[in-house]
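Protein chains in written order, with the working numbering: chain A, 1 to 278; chain B, 1001 to 1299; chain C, 2001 to 2336. No residue lacks a Cβ here, since even glycine has one placed at the ideal position from N, Cα and C. Structure first, then comments.
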Amino acid sequence: MSTVKSFRVLPGFNLTLGYTLGYLSLLILIPLSAVFLKTAELGWDEFVAVVTAPQVVATYKLSFGASLLAAAINAVFGLMLAWALVRYSFPGKKIVDALVDLPFALPTAVAGIALTALYAKNGWLGQYLEPLGIKVAFTPLGVLVALVFIGLPFVVRTVQPILEDLDTELEEAAASLGAQRWQTFRHVILPILLPALLTGFALAFARAVGEYGSVIFIAGNLPYVSEITPLMIITKLEQYDYRGATAIASVMLLFSFALLLIINGLQAWTAKRTGRDR
Amino acid sequence: MAGATSMHLGSDHASRFESKAATRETPLVKWTILALALGFFAIFLLMPLIAVFVEALRKGWETYVSALVDPDALSAIKLTLLAAAISVPLNLVFGVAAAWAIAKFEFRGKQILITLIDLPFSVSPVIAGLVFVLIFGAQGWFGPWLSEHDIKIVFAVPGIVLATVFVTFPFIARELIPLMQAQGREEEEAAVVLGARGWQVFWHVTLPNIKWGLMYGVILTNARAMGEFGAVSVVSGHIRGQTNTLPLHVEILYNEYMFSAAFAVASLLALLALVTLVIKNWVEHQAARSYRETQESAS
Amino acid sequence: MTPKLKQSLRRSVVVLSLFAAGSAFAQSTILNVSYDVSRELYKEINPAFSAAWKKQGGADITVNQSHGGSSKQAGAVIGGLEADVITMNQSPDIDILVERGGLVAADWRKQFPHDATPYTTTSVFLVRKGNPKNIKDWNDLTRAGLQVIVPNPKTSGNGRYTYLAAWGYALEKTGSEAGAKDFVSKLFANVPVLDGGGRGATTTFTQRDVGDVLVTFENEAILIAQELGSSKFDIVYPSLSIDAAAPVAVVQKVAAKRGSQKVAKAYLDFLYTPVAQEIIARHDFRPRDPAVLKKHAAKYPAIRTFTVEQKLGGWAAVQKAHFADGALYDQILAKK
């Protein structure tokens, strides 16, 4: 640390870092610590009993399962969409490119009621799906649809820049060595994209696990079937059970933090792989 | 946590790939990918957007307009703008300070600090609202003190602002950090050596380099600030005309069987999202241009 | 700290404290924190009260209203939402205010007539036009393959009354707790969606076309038939249901602090006046005033009802036996 300091020419380190830490503590860390302190009012045994109650465990399964699946779907289709946006010309491309960010800018509650209106059995899409025996609204499938919606931009926007920067020479070299297009993709392009794709996947996953606004309208909210973990927190709150709510919240917080560490690790890997600075 | 929140400066290079056999797929593969990608896009993104506007206009323009000029709607619009107007500048100052510290200096624990800044992104909005109730609620840490001094935080406007600041916390910082890292510190160091003061360095050297990224971060923060539902729902007292933001107003109308009005207000928010995207594209365009210009003048 | 930064910080502090100060001179308003489906009612009662209050020589007064799931709203009041009066649909949401922080006087039931319930309603069935599934009574709801829409009993008073009404019916039919548990288990096995509040359940049933029968408050059922066309739904009255009286109370701790005790009490007293009772009847709740009730009798078919106190030993007992964590309701859902 001291060796670095002697090289420090630029001013403002103490000010900006101090301000950053102060603001971060005041607005994020202290508030979040309140969750753990409130949880600590429960004894360890009680804590374990709350967070491992069968109904709560069922919500973990749905929240994490649906989020994983949604992130996986987004990884596949997001990659295709990014590929189409970078590699092909088609009419309306600029609009498609811009609208990819829609789920990020659209309020989640609006997304929720719009999706419900679409997928209910009398909705535009629901009326065709229902006769096929596919029920979306008010089932776990509805949760999945909402989570796919909110997660899509993350995969597209992490993969897209890497695809754009990709050197065509690599593919040309592969082709001249006799590789099939699929082989080139599988052995040349995919390995380069992989870190970014995983980052996008993890981001979509992290966002989906905590999502509340859009899911609440389209899920059936049925215990053991279509109840998500954030709803469990709300339900506890509405029964004046603050400790129970914070206990489940701490589990989610720890999970989020671990996931973010993984994501930042992945991004460092991406940077190393591609020589990019982001 | 780049991804959706990262500005990307790529312009259309499709022709570069389509012109060469080695980087081109067979038409069959190409059309399959296009069909799948665009079909997915249409079902998951376009349809919900269209649904909002169709539902909003189902009962005609008159209902639409009257839903938007309703006093409760207007006060919700005001509150939403206010929450954004307070939280965006706060996070702007923070974002610049954090990016300066992280990008221009080396120190231990940097990676942890970045992860902590990212934390609000992955914290469930429900928890974001809950924490402020735990701290400022009547039964919370500061509850008794606040109540003695007659200061209202939660279930009033300050709580809504706090929750909004929380959920939009990382975006500007995360936008600026990679940008300032990429630009290095040579220019600033040169300016210091030439005798510039700290504030001058920032104003004349750093700011011109990061202004587009900064603006992009502001746009994203603003969009999130106006659209937040879950966190705000927990700390708003849901008092008509007083502590309802636009997204909450949508929920209320929806619960009052005024579906068209609910979608009308929702469409206003969707419109806001679309305007955000237009500005965002314009900013990216400007940024790409100024980037090209610097490249050209450098060579 | 840079001057600019200081300035912007100072400015935001000023803005924030302005809002904080806003409450200090707000005695010309009172806040009524209420449950989900009473919004239309109070939208009409509030201006009527303001007019009556002024006529009696009072100052200008605005009644603000806040609506949401009953328990969520009570939670907000506990958390510091400054309600002068609270108007709920079930007693536990007022009892909790006695328990936590002593916000409401322990004897709140004694402070206004009819155990502080200015009106009542009951749980009834809303079925699709022509009653295609031939639903007549509670036992029809346990039929295999039928879909019943009910709001979540854990978070909504509406759902809780439905659950208790079914329990009371089964208790009478089977004569045993075990029989009742079995009956209600079967009923809840038919529930495909649990919305957080009464309005959510209505939307699911009417707009999304899910379910064969919606169990909800009578006033809500009549309102749906009016708003959404009586050509689409019929109301069915079961042989026995629950008396869902809506309790009200002054939040004395807040009122004392804000100096609004008098107007808060006057507001709740006003609910019992013929003017307010008439508005209450117009919104399809069952008024307490016998004259008003008689005038609107056509709207309220006779139905045999029981109260929580009569059949189930009071709310405190119900809370413990049914809705606590791991109690009967949780067991019933776990069995699915």
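Using DSSP with H/G/I as helix, E/B as strand and the rest coil, what is residue i?
i               : result
D2093 (chain C) : helix
F1105 (chain B) : coil
Q2147 (chain C) : coil
Q267 (chain A)  : helix
D2182 (chain C) : helix
H2296 (chain C) : coil
F2285 (chain C) : coil
T2062 (chain C) : strand
D1118 (chain B) : helix
R1197 (chain B) : coil
S67 (chain A)   : helix
V225 (chain A)  : coil
T2307 (chain C) : coil
N14 (chain A)   : helix
N2152 (chain C) : coil
I2086 (chain C) : strand
L1090 (chain B) : helix
H2322 (chain C) : helix
S2071 (chain C) : helix
L2328 (chain C) : helix
S2028 (chain C) : coil
V1131 (chain B) : helix
S2337 (chain C) : There is no way to answer for residue 2337 (chain C), as the model of chain C reaches only from 2001 to 2336.
S299 (chain A)  : Since the displayed chain A opens at 1 and closes at 278, residue 299 (chain A) lies outside it and no answer follows.
V2033 (chain C) : strand
D165 (chain A)  : helix
What residues of chain B sit near residue i, judged by a beta carbon separation below 7 Å?
i               : result
E2067 (chain C) : Checking the displayed sequence, the identity of residue 2067 (chain C) turns out to be His instead of Glu. Residues of chain B passing the Cβ test: H1238.
R2199 (chain C) : N1255
A2076 (chain C) : F1155 and G1237
R2039 (chain C) : E1256
Could you name the residues of the same chain whose beta carbon sits closer than 7 Å to that of residue i, not counting the 5 residues immediately before and after it, in chain order?
i               : result
R1024 (chain B) : F1017 and E1018
L1271 (chain B) : none
F64 (chain A)   : V209
A2221 (chain C) : V2124, L2126 and I2235
L69 (chain A)   : L144
How would you list, in chain order, the residues of chain C whose beta-carbon sits under 8 Å from the beta-carbon of residue i?
i              : result
L222 (chain A) : V2191, P2192, V2193 and L2194
Y240 (chain A) : S2071, A2074, G2075, I2078, I2096 and R2100
Going along chain C in order, which residues have a C-beta closer than 7 Å to the C-beta of residue i?
i              : result
P54 (chain A)  : A2334
A137 (chain A) : R2208
Ignore the nearest five residues each way along the sequence and tell me which others in residue i's own chain have a CB closer than 8 Å to its CB.
i              : result
D101 (chain A) : P153 and R157
T16 (chain A)  : none
L260 (chain A) : A206
Report the neighbours of residue i on chain A: residues whose CB is nearer than 8 Å to its CB, in chain order.
i               : result
N2152 (chain C) : N221 and T235
S2360 (chain C) : The displayed coordinates of chain C run from 2001 to 2336. Any statement about residue 2360 (chain C) would go beyond what the structure contains.
D1118 (chain B) : L260, I263 and N264
Under 8 Å between beta-carbons, which chain B residues line up against residue i? List them in chain order, please.
i               : result
D2107 (chain C) : Under the 8 Å cutoff, chain B gives no residues; its nearest Cβ is about 22 Å from D2107 (chain C).
R2282 (chain C) : Residues of chain B passing the Cβ test: none, with the nearest at roughly 17 Å.
F90 (chain A)   : L1034 and L1038
Report all residues from its chain with a CB closer than 6 Å to the CB of residue i; omit the five preceding and five following residues, and keep chain order.
i               : result
V2150 (chain C) : G2159, T2162, V2191 and V2215
S2023 (chain C) : Only weak support exists for where S2023 (chain C) lies, its pLDDT of 40 falling under 50; the coordinates are left without a value.
A1266 (chain B) : V1052 and V1250
Since residue i meets chain A, which of its residues come closer than 7 Å, beta carbon to beta carbon?
i               : result
A2155 (chain C) : Contrary to the premise, residue 2155 (chain C) reads as Thr rather than Ala in this sequence. Residues of chain A passing the Cβ test: T235 and E238.
Exercise for the section: Could you tell me whether the region 2047-2056 of chain C touches the region 2076-2087 of chain C, using the rule of 3 or more Cβ pairs below 8 Å? Expected result: Put simply, the region 2047-2056 of chain C does not touch the region 2076-2087 of chain C. Fewer than three CB pairs are less than 8 Å apart.
Problem - Complete beta strand (DSSP E) runs within the region 104-161 of chain A (minimum length 3 residues, chain order) - result: Here no run is fully enclosed.
Handout entry: the region 1171-1186 of chain B contacting the region 1259-1266 of chain B, beta-carbon criterion three pairs below 8 Å
Key = They do not touch, by the three-pair rule.
Practice task
Could you tell me whether the region 135-148 of chain A touches the region 1029-1037 of chain B, where touching means 3 or more Cβ pairs closer than 8 Å?
Solution key: Fewer than three beta-carbon pairs drawn from the region 135-148 of chain A and the region 1029-1037 of chain B are found closer than 8 Å, and the two stretches are therefore not classed as touching.
Handout entry: Inter-stretch contact at 8 Å, needing at least 3 Cβ pairs: the region 2226-2244 of chain C / the region 2105-2112 of chain C
Key = With contact defined as three or more Cβ pairs closer than 8 Å, the region 2226-2244 of chain C and the region 2105-2112 of chain C are not in contact.
Exercise for the section: Just list the beta strand (DSSP E) runs in the region 1230-1275 of chain B, keeping only unbroken ones of 3 residues or longer that don't cross its boundaries, in chain order. Expected result: Within the region 1230-1275 of chain B, no run of beta strand (DSSP E) reaches 3 residues while sitting entirely inside it.
Handout entry: Length at least 3, wholly inside the region 2172-2249 of chain C: the beta strand (DSSP E) runs in chain order
Key = The region 2172-2249 of chain C contains, as complete beta strand (DSSP E) runs of 3+ residues, the segments 2213-2217, 2233-2236 and 2240-2246 (chain order).
Handout entry: 3-residue-minimum beta strand (DSSP E) runs that sit fully inside the region 2094-2142 of chain C, ordered along the chain
Key = As summarised for the region 2094-2142 of chain C, the continuous beta strand (DSSP E) elements at least 3 residues long and confined to that stretch are 2119-2128, given in chain order.
Practice task
For the region 2201-2221 of chain C and the region 2075-2083 of chain C, state whether three or more C-beta atom pairs, one from each stretch, are separated by less than 8 Å.
Solution key: The region 2201-2221 of chain C is not in contact with the region 2075-2083 of chain C.
Handout entry: Inter-stretch contact at 8 Å, needing at least 3 Cβ pairs: the region 118-131 of chain A / the region 173-180 of chain A
Key = No, they do not touch.
Problem - At least 3 beta-carbon pairs within less than 8 Å: the region 1219-1226 of chain B vs the region 2061-2076 of chain C - result: Counting Cβ pairs under 8 Å, fewer than three are found: no touch.
Practice task
Examine the Cβ distances between the region 96-115 of chain A and the region 1046-1054 of chain B and report whether three or more of them are shorter than 8 Å.
Solution key: Contact holds: three or more Cβ-Cβ distances are below 8 Å.
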